[in-house]
Each structure stands twice: as structure tokens, then as C-alpha cells.
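Heads up: the sequence lines are chains X and U, in that order.
1 is the number of the first residue of the first sequence in this note's numbering; add one for each residue after it.
480 is the number of the first residue of the second sequence in this note's numbering; add one for each residue after it.
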Amino acid sequence: MIVAGPPQDDRPLKGEAARSDVSGEAIVAGPPQDDRPLKGEAARSDVSGEAIATMDSAPTARRQAMLLPKGRLAENVLHFVRVLRATGMPVGPAKVIDAVAAVEAVGLANRTDFREALAAVLVSRHEQLPLFEQAFDVFWRNPKLLEKMVAALLPRVYGRVPDEEPPPELPARLAQALMPKKAPEARPDDEDEVDLDAAFSFSAREVLQQKDFATMTADEVTQVKAMLARLRLPLPERPQRRTRAAARGSRVDLRATLRAMTGAAGAVAPLAWRARVRRPPPLVVLCDISGSMDRYARMLLHFLHAITNDGHRVHTLVFGTRLTNITRHLAHRDVDVALTRITSAVDDWAGGTRIGASLAEFNRRWSRRVLGQNAVVLLISDGLDADAGEGLAFEVERLSKSCARLIWLNPLLRYAGFEARPAGIRAILPHVDDFLPVHNVASLRDLAGALEGRGGMRRSTPAVKRAIKVSPAQESWPG
Amino acid sequence: MLPPQPTPALPLDVDATLALLTAHDYVAERRLATAVFLALKLRRPLFLEGEAGVGKTEIAKVLAVALGKPLVRLQCYEGLDTAAAVYEWNYPRQMIEIRLAEAAGNVTRDSLAHDIFTREFLLQRPLLQAIDPADGVAPVLLIDELDRTDEPFEAYLLEVLSDFQISIPELGVIRAAQPPVVVITSNRTREIHDAIKRRCLYHWVDYPDALRELDILRRKCPRAPENLAREIVAFTQRLRSMDLFKAPGVAETLDWAEALIALDRVALDPQTVGDTLGVLLKYQDDVGALSPEVASKLVAEVQAEGIRV
Chain X
1 MIVAGPPQDD RPLKGEAARS DVSGEAIVAG PPQDDRPLKG EAARSDVSGE AIATMDSAPT
61 ARRQAMLLPK GRLAENVLHF VRVLRATGMP VGPAKVIDAV AAVEAVGLAN RTDFREALAA
121 VLVSRHEQLP LFEQAFDVFW RNPKLLEKMV AALLPRVYGR VPDEEPPPEL PARLAQALMP
181 KKAPEARPDD EDEVDLDAAF SFSAREVLQQ KDFATMTADE VTQVKAMLAR LRLPLPERPQ
241 RRTRAAARGS RVDLRATLRA MTGAAGAVAP LAWRARVRRP PPLVVLCDIS GSMDRYARML
301 LHFLHAITND GHRVHTLVFG TRLTNITRHL AHRDVDVALT RITSAVDDWA GGTRIGASLA
361 EFNRRWSRRV LGQNAVVLLI SDGLDADAGE GLAFEVERLS KSCARLIWLN PLLRYAGFEA
421 RPAGIRAILP HVDDFLPVHN VASLRDLAGA LEGRGGMRRS TPAVKRAIKV SPAQESWPG
Chain U
480 MLPPQPTPAL PLDVDATLAL LTAHDYVAER RLATAVFLAL KLRRPLFLEG EAGVGKTEIA
540 KVLAVALGKP LVRLQCYEGL DTAAAVYEWN YPRQMIEIRL AEAAGNVTRD SLAHDIFTRE
600 FLLQRPLLQA IDPADGVAPV LLIDELDRTD EPFEAYLLEV LSDFQISIPE LGVIRAAQPP
660 VVVITSNRTR EIHDAIKRRC LYHWVDYPDA LRELDILRRK CPRAPENLAR EIVAFTQRLR
720 SMDLFKAPGV AETLDWAEAL IALDRVALDP QTVGDTLGVL LKYQDDVGAL SPEVASKLVA
780 EVQAEGIRV
């Protein structure tokens with residue numbers, strides 16, 4: 001059942017990470033001054049706030065640099081770390097000290113060593129490496145390039161045509177981090193912002209539609225928030241290999257028993273027991289955000305935010321024409337900040353759907369990383385595929401075989417005359433363990449109950465047969 | 480305490496580190512040598528991530544030999560707990576001790592607790608061995624495949640990795656006189672928490688380029704004829720550029736070389752490649768993708784062009 005209660009807050013790992021994030025931001029200029037969700041920019045309003053501090057509020061930087069051993073080098077390393085932080089890399093303040101120590105250890109004679117020393121300290125994931133290297137090249141080698149970028153970007157900010165060629169393609173995140181936009185008041189004209197938005201986008205081949213969450217009516221937002229923020233998804237708990245002390249258990253806790261025996265000075269002491277820990281399996285959510293799913297995706301992201309912050313083993317990826325991992329964005333406690341970050345991170349919002357290609361990418365790049373330890377996969381999609389289900393059956397089968405349980409949530413299932421006609425739906429259906437509707441808050445609420453009732457194990461009946469039976473059949477199939 | 484035994488000094492710079500690794504037949508790229516040097520110099524754990532079979536575990540073994548330190552290895556698995564990873568009380572001995580004390584008749588609670596919760600009843604598991612080595616020489620501690628264990632164990636590691644100390648409720652805190660050299664590896668089947676990574680130096684171990692792989696093959700498989708070695712490297716390098724579910728690692732390259740030597744081959748031919756593909760590729764889809772036609776095309780390419788640099 002749905003449990004409506006305060007999220008637990010005593011997980012040590014999480015708590016620690018959260019604290020360090022906070023301190024990382026606190027050192028810099030503090031919270032963003034203006035939270036108005038301007039397109040593109042709002043995505044990193046806090047970040048740009050930080051980056052502005054890098055450029056403008058020199059006193060803060062100087063104060064921090066004084067704590068560091070070496071003068072200019074330390075200051076430069078500090079600024080470099082800020083640029084990285086502004087690109088979204090989680091680099092805590094302690095890393096600055098480490099970075100300076102590392103640089104001093106390898107010396108400045110060899111440029112490669114200098115770079116690798118910084119990389120070893122500042123990079124903590126493989127994905128960050130390209131960003132780091134580009135940032136390094138721009139920051140440490142070629143100050144001219146930086147100036148050129150300023151020159152090339154500033155006119156665009158004010159709506160004039162740039163004089164020279166745009167600078168070499170830097171990732172949008174890096175460009176934004178190096179080039180913090182001016183305070184929003186400087187540009188009252190909304191259309192300028194739209195231009196800028198387009199300039200920072202990645203690819204011209206895709207439908208580059210950034211969905212603006214701000215268009216939600218105030219009413220809608222409060223209602224959905226209130227309802228979804230309390231939703232939980234209590235997946236059935238499974239026994240783990242780890243044990244803990246318990247009144248009744250399957251193994252004798254020798255350590256506790258012996259301690260009790262010393263207490264009784266060697267006399268007979270009752271046996272202490274240990275039992276297996278039970279906890280819900282990790283959850284991986286694959287959510288379709290294509291045009292046909294658009295109406296639901298907004299609502300579902302609120303739901304996904306709620307369940308991400310409830311359990312610590314949830315990974316969320318969204319796909320339209322390509323796959324984006326939004327787990328880190330969703331992990332932000334404030335749902336609005338999280339959603340704004342997602343809007344800027346996802347390029348194929350409300351575009352086409354390529355389910356097969358997206359699942360193939362998931363299978364190749366992510367499945368081995370997130371599907372460990374009996375993960376349950378929640379596939380949220382209407383199954384309407386632009387590639388007409390090509391290659392889809394193969395990928396769904398592989399996905400189904402590499403997770404403990406594959407649950408398909410489909411908003412179309414609410415229609416009475418639902419038939420598995422489209423090729424995409426027919427390709428997916430044979431391989432899913434559960435096929436459930438998801439179109440309003442009530443169906444999400446029922447979902448939890450439906451999952452719990454099924455004991456967390458794979459069902460043997462093919463989902464196709466159940467599909468029609470499970471459907472609540474309230475409305476009629478359109479067309 | 481014993482006087483510390485003479486051990487080879489730590490390398491003084493990146494070049495020395497690179498030379499040291501090379502001298503022990505580990506062909507590292509400069510990036511890795513830098514990370515290793517910093518780990519030794521700054522006394523930070525080295526966190527190595529990368530695909531399976533690129534030589535992550537090997538670094539720890541080579542470091543142990545090169546630095547003349549013992550290697551303590553902790554293989555991680557799901558449900559790994561303190562009893563298996565850190566320490567365990569020797570319960571049978573404790574029970575006997577209690578029986579003996581009973582027989583002697585002069586037992587009090589405090590004296591009994593003092594008697595049986597002491598060092599001599601403590602069984603050291605890898606982490607404690609590394610923090611509190613019996614011979615006083617700080618070892619190389621290899622925490623292998625950390626991604627296989629679960630979050631609670633990671634959380635436990637935080638104390639060990641940041642302060643090099645272990646708290647035992649009955650005994651107190653045991654601190655390392657000299658911090659061990661710590662190498663952590665992960666195959667990335669799960670994301671390791673940032674709190675761990677923050678305490679470590681991170682390095683992504685990539686597949687080696689052709690020349691480095693050839694160097695590795697020559698060192699590890701000296702019996703392979705030069706021509707065959709070149710073809711093997713050229714072939715696996717091409718495989719890695721294909722769209723495979725799991726590309727072959729260096730370990731697979733070496734296995735394949737051994738396999739071909741065992742079959743007395745001196746050059747690649749499509750038939751042999753097809754027969755021995757199971758050494759290189761471990762997924763049926765990948766084996767299927769390398770049909771006889773593709774294989775013979777690759778072999779022809781390899782023999783015509785040799786190693787691409």
C-alpha cells in the first residue's frame with residue numbers, strides 16, 4: 001500500500017553527501033538571487049550564481065585562497081575548481097586543498113603530469129573526463145580562447161550578430177560555466193533569451209524542444225505536488241544476504257551470546273539470534289518523454305522525484321529519441337529545482353520516440369551498471385514507436401532477462417477498447433511481467449498496491465493475456 | 480615492536496613510478512603512473528574503475544612486489560560483513576576460556592570480559608590485517624570489485640579509508656602506525672557512492688592502445704612469435720572498435736595468445752579465429768556478430784594493414 005509519511009532521513013551515506021554539497025555551495029556566493037525560471041538559464045541558476053562569484057566577487061575567492069598554501073597557483077586552482085563545479089561536477093571544497101597538494105607533488109615542469117594530477121583529484125567519474133579535459137585546455141592553456149568566447153558570446157546575449165566565427169564547440173555545460181550570463185534584469189526582452197537558449201543546444205538534427213515546466217498553472221502545480229509528494233512505491237521486500245540482530249532468527253549470534261555469557265560470569269545465558277535483513281530491491285525507471293507521452297511525463301516526473309528521494313536505490317532514465325540519465329537531477333530535494341535541471345539536461349523533450357534504440361543504448365551502456373542486486377525495472381511508455389518496433393523485441397527481451405522483474409506502465413491502458421495493435425506494443429508485451437495503467441494519481445496509487453500483492457516474484461502467465469483484464473476500462477479508445 | 484624492515488623506497492616522481500611499474504612488467508600509460516605516484520605520495524587510496532580485464536587488479540599485485548610489501552586482498556561480494564572483512568572473535572577459544580575459568584572457580588564478570596575480549600582472541604580479516612599488520616610492514620591493501628558489495632559496507636569503509644583506523648567496540652580503536660597503500664577496483668556494475676570516491680584518487684583504466692598492448696603481450700607471453708603477436712593485437716584492437724556488447728579486455732588478448740600458441744598457430748586464419756572465438760567474446764550475440772565472413776574480412780585486413788597506430 002501507499003505509505004504517506006515523512007521520508008526517513010537517517011541514512012548516513014546520503015546525509016553526508018548532502019551536507020558536503022551544501023558546504024560546497026555555501027563557500028561561494030550563497031543561494032541564487034533570483035529563481036525566476038528563465039529558459040535555459042534557470043537550469044543552473046544556482047550554478048551561474050556561483051560562477052558569477054568566480055568572476056565578480058573576488059573578495060570571497062581571495063579569502064578562500066589565503067587559506068591555501070601557495071599564492072597565485074592556489075588561487076588559479078581554486079578558480080579552475082569553481083569552473084568545474086559550475087559545469088555540474090561535484091567538487092567539494094576539500095578537493096581544492098588536495099588539488100594544490102597534488103600539483104605541488106608533481107611539480108609544474110610537465111604539463112601532462114600537471115593535468116593528470118588535477119584529474120586524479122578532481123574527477124570522480126569516467127563521464128566527467130571529457131568535460132574536465134576541455135575545461136582544462138580552455139582554462140590553463142589558452143586564455144585567448146576564453147576571451148574569444150566572451151567576445152563571441154556577449155553580442156549574442158544582447159541580440160547582435162557576432163563578428164567572428166563562434167569558438168570551437170565546447171559542451172553547453174562548460175560554455176555556461178565559463179560564461180555566466182549577466183543578471184536577468186539586464187535583458188528584459190524575452191526573445192533574446194530564446195535565442196540564447198537555441199545557441200546552447202546540442203544537436204540540430206533532433207527536435208530541440210525544451211519543455212517549460214513553468215507553463216503549469218499554479219493550481220495544477222499545487223495539486224499535483226501535494227498529491228505526488230506523498231506517494232511512495234513500496235516494492236515488496238526481499239531477503240538480503242546481510243543479517244542483523246533479531247529476537248527470533250535463523251542463526252545464532254555468537255558474539256552477542258558470548259557477551260551475555262561474560263555478563264552472567266560464565267553461567268548459562270540465552271542464545272542471541274540473527275535474522276536476514278529484508279529490503280526492497282533497487283528500482284530502475286525508464287520513462288518515455290516523447291510527444292505522445294507529454295501529457296503524462298510532467299505528472300510522472302513529480303512522482304519519480306518523490307520515489308527517488310524516498311529510497312536510495314532508484315535510478316531514473318528518460319528517453320525520447322535518446323537516453324538521458326536524470327537520477328542526479330532528480331535527487332535534488334526541491335522538486336522545482338530538480339525539474340528545472342531536468343528540462344535543461346534533456347534535449348529530446350516531447351519529440352519523437354525511438355524505443356528500440358533507446359533500450360539498446362540502455363542495455364549496452366547502463367544495464368550492467370544499474371541492474372545489479374535483483375533490480376526491478378519500471379518501463380513507462382505508451383509503446384508507440386517511431387521505428388515501428390524495429391529491433392524492439394530483441395532489446396526488450398534482453399532487458400527482461402537482465403532484471404528481476406520488468407513492469408510496464410502504459411497510459412493507453414485506461415481505454416476500454418485497448419488492443420495491442422501498434423507494432424511497438426506487440427513487441428514489448430510478450431516480455432513484460434506486469435502490464436499496468438498509469439494515467440492519473442489514482443492509478444499511481446493503485447500501482448503500489450498491485451505490486452505489493454504480487455510478492456515481487458516473476459509471474460508465469462504471459463502479460464498479454466492479462467492486459468485486457470487488468471485494464472480498468474473507464475474510457476473509450478480514441479478513434 | 481620490531482624495527483621496520485628495509486623496503487624499497489617510494490618512487491620520487493612520475494617518471495620513477497612509470498619505470499618501477501615497467502620494470503615489473505606492468506606497461507602503464509603515463510596517466511596511470513601519475514595517479515599511482517600521487518596515491519603513494521599523498522597517501523590516498525587509489526580508486527580504479529574500468530571494464531573487466533584491463534589490468535586493475537594487476538596494478539595492486541605489481542605494486543606489492545615492486546614496493547616489497549605484502550599484498551592483502553579483500554574480494555568483495557554481496558552481503559560482505561565485518562566478520563568476513565574486518566575481524567571476528569574466536570568463539571570456540573572464548574568458550575573454552577570461559578569453561579576453564581569456571582573450573583578454576585574464581586570468576587568475576589569484569590575479569591572474564593577482560594580476559595576473553597583481548598587481542599589473542601581476535602581473528603584478523605583482511606582490513607584489520609592491513610591496518611594492524613603482524614610484522615609491522617604496512618601492506619598493499621587491495622579491495623577488489625567493490626561494486627559487488629552493498630552500500631552498508633561502503634559506509635563502513637569510510638572510516639577505514641579516511642583515518643586508517645578500525646573501531647572494535649570491545650577493544651577500542653586500532654590505528655595504523657603506517658597507512659597501507661590502498662587500491663580499490665570497481666567494474667562499475669553499480670555506482671560507488673561519492674563519499675567513497677571523494678576520499679580517493681580516481682583513475683579510469685582504459686583499454687591500451689595497439690603499441691602498448693603489443694608490449695604487454697610480448698612481456699606476458701614471450702613464447703608468441705612476433706608476427707602472431709602483432710596479428711593478435713591488431714585483431715583485438717579492431718574487435719574493440721566494433722559494436723559489441725562486451726569488447727575483449729587485455730586478459731582476453733593474453734588468453735587468446737596462449738590458446739593460439741597451444742594450437743601451434745603462427746598466423747591467424749579465419750578457421751582458427753572462428754574456433755577460438757569463445758576465448759575472446761563471452762556473449763552469444765557478439766559471437767554471432769562475428770560471422771565467418773566478418774572474421775575472414777577482419778583477418779585479411781589485419782594481415783594486409785598490420786597494427787593501426
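In this text, a Cβ means the ideal position worked out from N, Cα and C, and glycines have one as well.
If you're wondering where the values come from, they're calculated on a predicted model, not measured in any experiment.
If you check the CB distance, U/G532 and U/A689 do not come in under 9 angstroms. Listed in chain order, the non-local C-beta contacts of U/R572 below 6 angstroms within the same chain comprise F600, local neighbours out to five positions each way being set aside. Beta-carbon to beta-carbon, X/A393 and X/A427 are separated by about 4 angstroms, close enough to satisfy the 8 angstroms threshold. Checking the DSSP bridge columns, you'll see X/R398 has no partner listed.
Per the DSSP secondary-structure output, U/G529 pairs in a beta bridge with U/V684. The straight-line gap separating the alpha-carbon atoms of U/L521 and X/L323 is approximately 39 angstroms.
Interface annotation, U/D560: in contact with chain X, CB-CB separation under 9 angstroms. In terms of beta-carbon proximity, U/D623 stays away from the interface with chain X, with every pair separated by 9 angstroms or more. Chain order gives the chain U residues near X/A102 as L517, L521, where near means a beta carbon separation below 7 angstroms. Listed in chain order, the positions of the stretch 527-557 of chain U with a beta carbon within less than 9 angstroms of a beta carbon of chain X are E528, G529, Y556, E557. Taking the CA atoms as reference points, X/G356 sits about 16 angstroms from X/V285. Check the Cα spacing between X/R244 and each of X/A275, X/A264, X/L231, X/T257: the tightest is with X/A275.
Contact check for U/H672 and U/E638: beta-carbon distance about 14 angstroms, past the 8 angstroms limit, so the pair fails to qualify. Counting every other CB atom within 10 Å of its CB across the protein chains shown gives U/I575 a total below 16, marking it as exposed. Chain X places no beta carbon closer than 9 angstroms to that of U/R698, leaving this residue out of the contacts.
Cβ contact annotation for X/G249 (same chain, cutoff 6 angstroms, sequence separation greater than five): W273, R274, A275, in chain order.
Using a Cβ-Cβ cut-off of 7 angstroms, X/H126 is close to E528, W683 of chain U, given in chain order. Ranked by Cα distance from X/W366, the options X/N325, X/L413, X/D446 are led by X/N325. Each residue's CA atom was taken as its position, placing U/R552 and U/D642 some 19 angstroms apart.
Cβ atoms of X/L447 and X/L429 stay farther apart than 8 angstroms, at about 18 angstroms.
Residue pairing from DSSP places U/S646 in a beta bridge opposite U/V652. Counting only runs of 3 or more residues that sit fully inside the stretch 233-291 of chain X, the beta strand (DSSP E) segments are 238-246, 273-279, 283-288, in chain order.
Remark: C-beta atoms of X/V83 and X/V100 do not approach each other more closely than 9 angstroms. Residues are counted here when their Cβ sits less than 8 angstroms from a Cβ of chain U; for the stretch 238-249 of chain X these are Q240, R241, R242, T243, given in chain order. When DSSP reads this structure, U/S665 sits in a beta bridge with U/E528. In terms of beta-carbon proximity, U/A592 lines the interface with chain X, with at least one pair separated by less than 9 angstroms. For U/Y762 and X/R398, the gap between their C-alpha atoms comes out near 12 angstroms.
Per DSSP, U/R523 lies in no alpha helix (DSSP H) segment and is marked neither H nor E. Selection U/E633, U/Y570, U/G753, U/L606 evaluated against U/V660 yields U/L606 as nearest (Cα-Cα). Around X/V83, no beta-carbon contact reaches into chain U at under 9 angstroms, the shortest distance being about 19 angstroms. With contact defined as three or more Cβ pairs closer than 8 angstroms, the stretch 675-689 of chain U and the stretch 523-537 of chain U are in contact. Against U/T513, the close residues of chain X are V106, D113, E116, A117, A120, in the order they occur along the chain (beta-carbon pairs closer than 7 angstroms). Per the C-alpha coordinates, the member of X/V121, X/G92, X/A94, X/P93 positioned closest to X/V106 is X/V121. In this structure U/T628 is in contact with U/E557, their Cβ atoms being roughly 6 angstroms apart against a cut-off of 8 angstroms. Put simply, of X/R341, X/R278, X/F319, X/G320 the residue whose alpha carbon is nearest the alpha carbon of X/H329 is X/R341. Remark: C-beta atoms of U/R510 and U/H682 approach each other more closely than 9 angstroms.
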